[in-house]
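Chains as they are written, first to last, in my numbering: chain S, 671 to 964; chain Y, 671 to 964. For glycine and all other residues, C-beta sits at the position ideal for the given N, C-alpha and C. On a predicted model such as this, the values are computed, not experimentally measured, just so you know. Step one of this worksheet: look at the structure below.
Laid out in structure tokens, this is it:
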């Protein structure tokens, strides 16, 4: 509750990693006439933030981030964009300077989303509520209905339904938020490899044909299968500040390379990065993108 | 029911693909003093069947298979072993000679296990009941308890439990029968790629570290993670004649390369191919293999 008692009167502060997402969020916030400031991570953030107030910060300098937030009297914080290497080891080293080793060990050993949870707890313990894209820039999330000019067939719609049933069942076990279904068959399920690698896997399966072990496993039909749909949704109880399902132009390109017919995303829960480019790419590739009701 | 009314008085006939499994099945059946005969698929079967009666058949010659079964007055049939290319196209061509195009289309379009279901229906319609390994050679299936000299730790046991919960949830959607869990996190889920490729994926994830997209997806800990368990089980209502979960020496080698601590298989539902070699490989690699109650 310390967060609730210490909210500032200043801007929403966006800690910005790479990519255009931080700028897209800032633009939507600014359109609402709300005060916004960017904390571009030095050497990582690469979008054009010239329209906004900026306070560059070091990724390995949590105290610098706190100082910038205090100086801005930020009312809330959002972390957006991507961060590649130096990655976890160095981040932990910087983080270690301001948290005790026991907490660090918990965060690292817990794996997966716990590092971000640790950073969120660190910011909120210091009086800065952390929000998610969904709270701050809802228009960046998928809405219900078609996003381009192509639409799913009746068969596609059945595959989407079976994919969503499967995701709902898996969500209870905190498994990934994506899978690929073709002709009633689930070809791939996303876990730690991420959505892009899961789509590439289907491309490879189709190239190879996967005829082997016919008698023992009876999986001959993949080579013949075409079409299919990438289905993405949120897990039950997902913390969107920590893990945000997203698609973008690259998702469309990979889906086309995998021979998929389209992409179905849960309305309100999946971010569409670079929406115009994403829709243009899907239209050009003959793929549908549809937002489906939760 | 035509199958039930037309059972022969002769041997159990094993239609044999590649690998040692058909010979292992024949040996277990013969040990029970039951009559057994092998139908080695020409150019595919490669085990030593010299101890058994043999009627070589062509993979693309369903009528030849029926003739051999009738000639033997086979009381039942089992299909075992692996078949690689020429694969589905040619099989269907041969099958097409004796079934109508409409059935063929159903079989192929249904994908996955439907080809085997079609072959099973074809054999049973012609009076030859088709059995599964589990019915015919139950001792080849995993039993409860440890298969080698290594045992899971308390943490491993927790990962096994969470993996089995996830498989149970996924089974309702007819998703694959395997996954890999490490430190409470599901790293990979098997679908069309098969168990071996799923294990290789985890090897790759660990080599690469998978630090990317830290802020967006917060998945930094894989690089640090070691251990973990491959969990395999049957789907609810699985037809073991069509799809038989199996592990063998290669599974152990791949699990070791992926840095896993062991393998957990559902007792009575997972086949252990080349059991002695499999156990020896696990003992040498320091991996546990445990059969867990369904």
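For this session: Anything in the segment 794-824 of chain S with a Cβ closer than 7 angstroms to a Cβ of chain Y? List those residues in chain order, please.
Result: none
Exercise. What do you get for residue 936 of chain S, buried or exposed, if any count of 16 or more other CB atoms within 10 angstroms of its CB means buried?
Worked result: Indexing the first chain from 1 puts residue 936 of chain S at position 266. Classification of residue 936 of chain S: buried, given that the 10 Å Cβ count is 16 or more.
Exercise. At what residues does the alpha helix (DSSP H) containing residue 845 of chain Y begin and finish?
Worked result: One-based indexing of the second chain puts residue 845 of chain Y at position 175. Taken as a continuous stretch (DSSP letters only), residue 845 of chain Y belongs to no alpha helix (DSSP H), as it is neither H nor E.
Exercise. Would the beta-carbon of residue 744 of chain S fall within 8 angstroms of that of residue 678 of chain S?
Worked result: Taking the first residue of the first chain as position 1, residue 744 of chain S is located at position 74. Taking the first residue of the first chain as position 1, residue 678 of chain S is located at position 8. Their beta carbons are under 8 angstroms apart, which means residue 744 of chain S touches residue 678 of chain S by this criterion.
Problem set entry | Secondary structure of residue 923 of chain Y, DSSP reduced to three states | Position 253 of the second chain, counted from the start, is the residue given in the question as residue 923 of chain Y. Correct three-state label for residue 923 of chain Y: helix.
Problem set entry | Closest by C-alpha distance to residue 850 of chain S, when choosing among S:735, S:866 and S:844 | Your numbering for residue 850 of chain S matches position 180 in the first chain. Minimum Cα distance to residue 850 of chain S is reached at S:866.
Problem set entry | From Y:749, Y:707 and Y:821, residue whose alpha carbon lies closest to that of residue 689 of chain Y | One-based indexing of the second chain puts residue 689 of chain Y at position 19. The residue with the shortest Cα to Cα distance from residue 689 of chain Y is Y:749.
For this session: Give a yes or no on whether 8 angstroms exceeds the smallest Cβ distance from residue 684 of chain Y to chain S.
Result: One-based indexing of the second chain puts residue 684 of chain Y at position 14. No, residue 684 of chain Y lies away from the interface with chain S (no Cβ there is under 8 angstroms from its Cβ).
Exercise. Taking buried to mean at least 16 other C-beta atoms within 10 Å of its own C-beta, is residue 826 of chain Y buried or exposed?
Worked result: Taking the first residue of the second chain as 1, we reach residue 826 of chain Y at position 156. Buried, by the Cβ-count rule.
For this session: Determine the DSSP secondary structure at residue 897 of chain Y, reduced to helix, strand or coil.
Result: Within the second chain, the letter at position 227 stands for residue 897 of chain Y. In this structure, residue 897 of chain Y counts as coil in the three-state DSSP scheme.
Exercise. Roughly how many angstroms lie between the CA atoms of residue 962 of chain Y and residue 831 of chain Y, to the nearest whole one?
Worked result: Mapped onto the second chain, residue 962 of chain Y falls at position 292. Mapped onto the second chain, residue 831 of chain Y falls at position 161. Approximately 10 angstroms between the Cα atoms of the pair.
Exercise. Do residue 820 of chain Y and residue 957 of chain Y have their C-beta atoms closer together than 8 angstroms?
Worked result: By 1-based counting over the second chain, the position of residue 820 of chain Y is 150. By 1-based counting over the second chain, the position of residue 957 of chain Y is 287. Their beta carbons are under 8 angstroms apart, which means residue 820 of chain Y touches residue 957 of chain Y by this criterion.
For this session: Give the DSSP bridge partners of residue 962 of chain S, in chain order.
Result: Along the first chain, one-based indexing puts residue 962 of chain S at 292. BP columns for residue 962 of chain S point to S:936.
For this session: Output yes or no for whether 8 angstroms exceeds the beta carbon distance between residue 859 of chain S and residue 861 of chain Y.
Result: Taking the first chain and counting its residues from 1, the one referred to as residue 859 of chain S is at position 189. Taking the second chain and counting its residues from 1, the one referred to as residue 861 of chain Y is at position 191. Cβ atoms of residue 859 of chain S and residue 861 of chain Y: closer than 8 angstroms.
Problem set entry | CB contact below 8 angstroms: residue 840 of chain Y versus chain S | Along the second chain, read from residue 1 onward, the residue named residue 840 of chain Y stands at position 170. With 8 angstroms as the cut-off, residue 840 of chain Y counts as an interface residue toward chain S.
Exercise. Taking the alpha-carbon positions, what's the residue 809 of chain Y to residue 823 of chain Y distance?
Worked result: Indexing the second chain from 1 puts residue 809 of chain Y at position 139. Indexing the second chain from 1 puts residue 823 of chain Y at position 153. Between residue 809 of chain Y and residue 823 of chain Y, the C-alpha separation is close to 27 angstroms.
Exercise. Checking contacts by CB at 8 angstroms: is residue 856 of chain Y closer than that to chain S?
Worked result: By one-based count along the second chain, residue 856 of chain Y stands at place 186. Closer than 8 angstroms: yes.
Problem set entry | Helix, strand or coil at residue 808 of chain Y [DSSP, three-state] | Mapped onto the second chain, residue 808 of chain Y falls at position 138. Helix, per DSSP.
For this session: Tell me whether residue 967 of chain S sits in a helix, a strand or coil according to DSSP, three-state version.
Result: Because residue 967 of chain S is not part of the residues shown, which for chain S are 671 to 964, the question remains open.
Exercise. Which residue comes first and which comes last in the beta strand (DSSP E) that contains residue 747 of chain Y?
Worked result: Translated into positions along the second chain, residue 747 of chain Y becomes position 77. Segment 746-750, the beta strand (DSSP E) holding residue 747 of chain Y.
Problem set entry | Residue closest to residue 932 of chain S, alpha-carbon to alpha-carbon, out of S:917, S:938, S:944 and S:946 | For this step, residue 932 of chain S is matched to residue 262 along the first chain. Of the listed residues, the one whose Cα sits closest to residue 932 of chain S is S:917.
Problem set entry | residue 1044 of chain S vs residue 806 of chain S beta-carbon contact at 8 angstroms | Any question about residue 1044 of chain S goes unanswered here, given that chain S covers just 671 to 964.
Exercise. Which of helix, strand or coil does DSSP assign to residue 902 of chain Y?
Worked result: Stepping through the second chain from its first residue, residue 902 of chain Y is reached at position 232. Here residue 902 of chain Y sits in strand by DSSP.
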